[in-house]
Structure formats: structure tokens, C-alpha cells
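Numbering (this note's numbering), first residue to last: 4 to 59.
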């Protein structure tokens, strides 16, 4: 979610609990941790979702 700036939600209920699909969670040492981008700008000037020339 830090790389692509999208929320991550875990929606769990009875239907999801009875699904037979596998969920593979890699070991912690295989997961790349992306540091959160911090700013010193005041709230009115900080625009975290402003396009910066990259893909939409």
C-alpha cells in the first residue's frame, strides 16, 4: 500500500472463511518493507496524491 498509495482491507466473514482457496504468506524475511514517505510541509502544501508524471 505504501508503494501504490492504495488502502489494504481484510474483509472477513462466513463466506470468505469457507472458501477453499489457498492463501500463501511468505516468510517475513522475504517481504520487502517500503519506508513511508514523510514531509515537513504544512498541511495546505502537502499533496500526497498529486500526479508527478508517473502512471495514473
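Virtual Cβ for every residue (Gly too), placed ideally from N, Cα, C. In this text the structure is predicted, and so the values were computed from the model without any measurement.
To the nearest angstrom, how far is it from the Cα of residue i to the Cα of residue j?
{"i": "residue 32", "j": "residue 13", "result": "22 angstroms"}
{"i": "residue 16", "j": "residue 5", "result": "26 angstroms"}
{"i": "residue 19", "j": "residue 28", "result": "17 angstroms"}
{"i": "residue 49", "j": "residue 34", "result": "29 angstroms"}
{"i": "residue 43", "j": "residue 8", "result": "19 angstroms"}
If you run the structure through DSSP and keep just helix, strand and coil, what is residue i?
{"i": "residue 19", "result": "helix"}
{"i": "residue 33", "result": "helix"}
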